[in-house]
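Asks: Sending over a structure as C-alpha cells; questions will come in a sec.
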DNA sequence: CCGGAGACCTGATAGC
DNA sequence: TGCTATCAGGTCTCCG
C-alpha cells in the first residue's frame with residue numbers, strides 16, 4: 117500500500133523515538149516476505165539506542181542502532197508501523213514489537229508482504245534488497261537527461277517502466293498513474309518512444325506528484341496511516357487513480373481503467389498521448 | 001537480458 | 001443472509 121510519500125511520512129512520524137533505548141523485542145513467528153530471525157533481531161536490538169531512522173531505496177526504511185547492526189524494513193502492501201502505549205491491546209497481525217520504557221513500536225501486516233531484516237552496519241547497502249535499485253526521484257541524480265537516456269533502453273510500456281524499482285525507486289501504482297496524467301503521457305506508450313519533450317514533462321510531473329503527496333502526508337486511500345495513526349489527505353487530490361468512468365478534470369473525457377502486467381492503470385485516453 | 005505470468009497472504013467488497 | 005469471486009498502495013521467481 118505505501119509508496120514513497122507514505123513511507124516518507126511514516127519515517128517523519130517516527131523521529132520521536134530516535135535516541136530511545138530498545139528494552140525488548142517480540143515476534144509472532146510468522147514469515148513475512150522473508151523469515152524474521154527472532155534471535156538475531158533480539159541480539160541486534162536489545163539494549164541499543166535508535167540513532168537514526170531514514171527512508172532509503174524509495175520504499176525501504178533503515179533504522180540505525182547504537183550497536184553493530186541496523187534494521188531494514190519494508191511495509192509491503194499492508195504493513196504499518198504503529199507507536200503506542202504498551203497497555204493498548206495488540207491488534208491481529210502484529211508481527212514484531214520493539215519495547216521501550218514508555219511505549220512500543222509495532223509492525224502490523226495482515227498480508228505479510230512486508231520485511232523486517234537485520235544487517236551489519238557496513239553491509240546493508242549491499243543487501244539483496246538495496247544493491248540493485250534505481251535512482252531516487254527526489255534526489256540530485258534524477259535529471260531530465262538521465263530519464264531521457266534510461267527511457268531509450270526500455271521497450272516496456274512507460275507505466276511498467278515507472279513501476280520498475282531497478283530504474284527509478286519509490287513510484288507505485290497510484291503515483292505512476294498520477295504522474296503520467298500530469299505529464300499528459302499515455303501509460304501504454306513504449307518507454308523508448310517517448311519524446312524528449314514528454315520525458316522532460318514526465319520528469320517534472322514525477323517530482324511534483326511525489327512532493328505534493330508528501331506535503332499532504334500521503335494518500336489514505338484505504339487504510340494507510342502514519343506511526344501515530346494520522347491519515348494523509350492526498351486522496352482528495354487524485355486526478356485519475358480509482359476514478360474509472362469519472363470525467364477527466366482537464367478535458368472532460370471519461371477516465372479509462374486498463375490492466376497492465378496484472379495491475380490496474382487509470383488514464384485519460386483523450387489528453388494523454 | 002527482457003517481459004509476462006504466477007506466487008506470496010489476508011480482508012473488504014461486489015455480485016449472485 | 002451467505003457464499004464465491006475479485007481486487008488491493010509490492011516484490012520476487014520462474015519461464016519462454
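Residue numbers (the working numbering): 117 to 389.
Glycine included, every Cβ here is placed at the ideal spot set by N, Cα and C.
These numbers come from a predicted model, not from an experiment.
Could you tell me which residues DSSP pairs with residue 179 in its beta bridges?
Replies: Along the first chain, read from residue 1 onward, the residue named residue 179 stands at position 63. DSSP, once it has assigned bridges, lists 169 and 187 as partnering residue 179.
Asks: Is the number of C-beta pairs between the region 268 to 278 and the region 218 to 235 that are closer than 8 Å three or more?
Replies: Too few Cβ pairs lie closer than 8 Å, so no.
Asks: Cutting at 6 Å between CB atoms, please list the residues of its own chain near residue 260, excluding the five before and the five after it.
Replies: For the purposes of this step, residue 260 is taken as residue 144 along the first chain, with counting starting at 1. Contacts found: 316 and 319.
Asks: Taking all protein chains shown into account, decide if residue 256 is buried (16 or more other Cβ within 10 angstroms of its Cβ) or exposed.
Replies: Within the first chain, residue 256 is the residue found at index 140, counting from 1. Burial call: exposed.
Asks: How would you call residue 289, buried or exposed, if buried means at least 16 neighbouring beta carbons within 10 angstroms?
Replies: Counted from its first residue, the first chain places residue 289 at position 173. Buried, because 16 or more other Cβ atoms sit within 10 Å of the Cβ of residue 289.
Asks: Is it the case that the Cβ atoms of residue 284 and residue 301 are separated by a distance below 8 Å?
Replies: Here residue 284 refers to the residue found at position 168 when the first chain is read from its first residue. Here residue 301 refers to the residue found at position 185 when the first chain is read from its first residue. No, Cβ-Cβ distance for residue 284 and residue 301 is not below 8 Å.
Asks: With a threshold of 16 other CB atoms inside 10 Å of the CB of residue 380, please say whether the residue is buried or exposed.
Replies: Here residue 380 is taken as the residue at index 264 of the first chain, counted from 1. By the neighbour-count rule (16 or more Cβ atoms within 10 Å), residue 380 is not buried but exposed.
Asks: Answer yes or no: do residue 286 and residue 253 have a C-beta to C-beta separation smaller than 8 Å?
Replies: The sequence position of residue 286 within the first chain is 170, counting from 1. The sequence position of residue 253 within the first chain is 137, counting from 1. Their beta carbons are under 8 Å apart, which means residue 286 touches residue 253 by this criterion.
Asks: Measure the CB-CB distance between residue 249 and residue 282 and report whether it falls below 8 Å.
Replies: Residue mapping note: residue 249 aligns to position 133 of the first chain, counting from 1. Residue mapping note: residue 282 aligns to position 166 of the first chain, counting from 1. Yes; because the gap between Cβ atoms is below 8 Å, this pair is in contact.
Asks: Would you report the Cα separation of residue 118 and residue 194, rounded to the nearest angstrom?
Replies: As a first step, residue 118 must be located in the first chain, where it is residue number 2. As a first step, residue 194 must be located in the first chain, where it is residue number 78. Going by the C-alpha atoms only, they are around 8 Å apart.
Asks: Which parts of the region 206 to 294 are runs of the alpha helix (DSSP H), unbroken and 4 residues or longer, counting only runs that do not cross its ends?
Replies: Taking only runs of at least 4 residues, the alpha helix (DSSP H) segments lying wholly in the region 206 to 294 are 260 to 268 and 274 to 279.
Asks: Considering only residues of the same chain and omitting the five flanking positions on each side of residue 220, which have a CB-CB separation below 7 Å?
Replies: As a first step, residue 220 is located in the first chain; it is residue number 104 there, counting from the start. Same-chain partners within the cutoff: 200, 202, 213 and 214.
Asks: Should residue 240 and residue 178 be called a contact, given that it needs their Cβ atoms to be closer than 8 Å?
Replies: Walking along the first chain from the start, residue 240 turns up at place 124. Walking along the first chain from the start, residue 178 turns up at place 62. It is a contact, given that the beta carbons lie within the stated cut-off.
Asks: Tell me whether residue 309 sits in a helix, a strand or coil according to DSSP, three-state version.
Replies: As a working note, residue 309 is residue 193 in the first chain. Helix at residue 309.
Asks: Express the C-alpha separation of residue 370 and residue 152 in angstroms, rounding to a whole number.
Replies: Reading the first chain from its first residue, position 36 is the one you call residue 152. Reading the first chain from its first residue, position 254 is the one you call residue 370. Looking at the two C-alpha atoms, the distance is approximately 46 Å.
Asks: Short check: CB of residue 148 to CB of residue 211, under 8 Å?
Replies: One-based indexing of the first chain puts residue 148 at position 32. One-based indexing of the first chain puts residue 211 at position 95. In this structure, residue 211 lies closer than 8 Å to residue 148 by Cβ.
Asks: In the DSSP assignment, find the unbroken alpha helix (DSSP H) run with residue 129 in it and report its ends.
Replies: The residue given as residue 129 occupies position 13 in the first chain. Segment 120 to 129, the alpha helix (DSSP H) holding residue 129.
Asks: Between residue 363 and residue 321, what straight-line distance do the alpha-carbon atoms span, to the nearest angstrom?
Replies: Taking the first chain and counting its residues from 1, one reaches residue 363 at position 247. Taking the first chain and counting its residues from 1, one reaches residue 321 at position 205. Between residue 363 and residue 321, the C-alpha separation is close to 21 Å.
Asks: Grouping DSSP H, G and I as helix and E and B as strand, with all else coil, what is residue 323?
Replies: The count along the first chain starts at 1 and reaches residue 323 at position 207. Residue 323: helix per DSSP, three-state reduction.
Asks: Does DSSP classify residue 374 as helix, strand or coil?
Replies: The sequence position of residue 374 within the first chain is 258, counting from 1. Residue state, collapsed to three classes: strand.
Asks: Starting from residue 158 and walking both ways along the alpha helix (DSSP H), at which residues does that stretch end?
Replies: Within the first chain, the letter at position 42 stands for residue 158. Unbroken alpha helix (DSSP H) run through residue 158: 154 to 161.
Asks: In three-state terms, what does DSSP make of residue 142?
Replies: One-based indexing of the first chain puts residue 142 at position 26. Strand at residue 142.
Asks: Which of the three DSSP states, helix, strand or coil, is assigned to residue 316?
Replies: Here the question's residue 316 lines up with position 200 in the first chain. In the structure shown, residue 316 sits in a helix (DSSP, three-state: H, G or I).
Asks: Pull up the distance between the alpha-carbon of residue 183 and that of residue 341, whole angstroms please.
Replies: On the first chain, residue 183 is found 67 positions in, with the first residue counted as 1. On the first chain, residue 341 is found 225 positions in, with the first residue counted as 1. Rounded to whole angstroms, residue 183 to residue 341 spans 30 Å at the Cα level.
Asks: Ends of the beta strand (DSSP E) at residue 200?
Replies: Along the first chain, one-based indexing puts residue 200 at 84. Note, residue 200: beta strand (DSSP E), 196 to 200.
Asks: By the 10 Å Cβ neighbour count, where 16 or more other Cβ atoms means buried, how is residue 207 classified, buried or exposed?
Replies: Working through the first chain from its first residue, we reach residue 207 at position 91. Exposed is the call here.
Asks: Using 8 Å as the Cβ pair cut-off and three pairs as the minimum, do the region 124 to 132 and the region 333 to 353 touch?
Replies: With the cut-off at 8 Å, the region 124 to 132 and the region 333 to 353 touch.
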